[in-house]
Amino acid sequence: ALLISFKSANWDHFLEIGFLITLLTALGATWLINFILRSFLKERTKYLIIGIFLLSLIGHFVLANKWMLHEEYNTSQIALFREMAGTINQNHLDKQNDVVAIDVHPTFQGLNYYTDISLIYFNPATIRKLLDQNNLSWAFEQFGVTKIIGFDDNLTEEIVRQTGIKSLE
1 ALLISFKSAN WDHFLEIGFL ITLLTALGAT WLINFILRSF LKERTKYLII
51 GIFLLSLIGH FVLANKWMLH EEYNTSQIAL FREMAGTINQ NHLDKQNDVV
101 AIDVHPTFQG LNYYTDISLI YFNPATIRKL LDQNNLSWAF EQFGVTKIIG
151 FDDNLTEEIV RQTGIKSLE
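With my numbering applied, the sequence shown corresponds to residues 1 to 169, in that order.
Below you can see the structure in the form of structure tokens.
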């Protein structure tokens with residue numbers, strides 16, 4: 001619900017406030033355990049309730065972790081990164097002067113890890129707008145873009161035709 005109210009579907013935004021949520025959860029759990037310990041229930045009942053609560057909490061963490069691993073595996077872009085990294089590395093680019101424009105978002109940092117090349121993300125909608133205005137060469141000059149990779153075939157052809165920049169695909 002919080003992500004919806006912020007109009008964000010990006011999990012990274014939730015992780016930015018994760019510490020606060022963890023702190024509030026810990027405070028709530030501590031308060032609940034203290035409340036149960038101070039209640040007028042029998043000792044055995046108190047510890048049974050706390051034990052059930054702790055087992056439920058641990059079970060929740062296990063299921064949440066399983067779900068996150070499942071999501072990471074199903075949405076992984078590692079195969080795409082490795083293919084693109086292989087292509088970039090085969091071209092022996094100059095790490096000091098070459099900048100590669102890519103269309104892989106939001107985790108293109110993984111590609112940077114495999115290549116150690118300067119990368120910049122360009123949204124395809126922005127590329128199309130700049131192509132229509134004949135300003136793509138100017139934009140690429142501003143960012144020092146010398147190569148492109150990851151764009152669909154039609155867009156790649158238009159970029160190469162208008163800018164003369166080499167496609168690495």
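Note that CB positions come from ideal geometry on N, CA and C, so glycine has one too. Only a predicted model underlies this, so the values are computations on that prediction, with no experimental measurement involved.
Taking buried to mean at least 16 other C-beta atoms within 10 Å of its own C-beta, is residue i buried or exposed?
i           : result
residue 148 : buried
residue 86  : exposed
residue 145 : buried
residue 19  : exposed
residue 108 : buried
Check whether the Cβ atoms of residue i and residue j lie closer than 8 Å to each other.
i           : j           : result
residue 131 : residue 158 : yes
residue 49  : residue 58  : no
residue 163 : residue 136 : yes
residue 100 : residue 143 : no
residue 93  : residue 127 : no
residue 39  : residue 46  : yes
Give me the Cα-Cα distance between residue i and residue j, rounded to the nearest whole angstrom.
i           : j           : result
residue 140 : residue 166 : 12 Å
residue 33  : residue 67  : 27 Å
residue 17  : residue 81  : 28 Å
residue 88  : residue 103 : 14 Å
residue 91  : residue 83  : 13 Å
residue 95  : residue 112 : 11 Å
By alpha-carbon positions, which one of the options ends up nearest to residue i?
i          : options              : result
residue 79 : 134, 24, 119 and 114 : 114
residue 97 : 81, 116 and 42       : 116
residue 54 : 75, 64 and 30        : 30
Determine the extent of the alpha helix (DSSP H) in which residue i is found, giving its start and end residues.
i          : result
residue 80 : 78 to 90
Taking the beta strand (DSSP E) that residue i falls in, what are its first and last residues?
i           : result
residue 168 : No beta strand (DSSP E) holds residue 168; DSSP gives it neither H nor E.
residue 41  : Looking at the DSSP string, residue 41 is not in any beta strand (DSSP E), and its letter there is neither H nor E.
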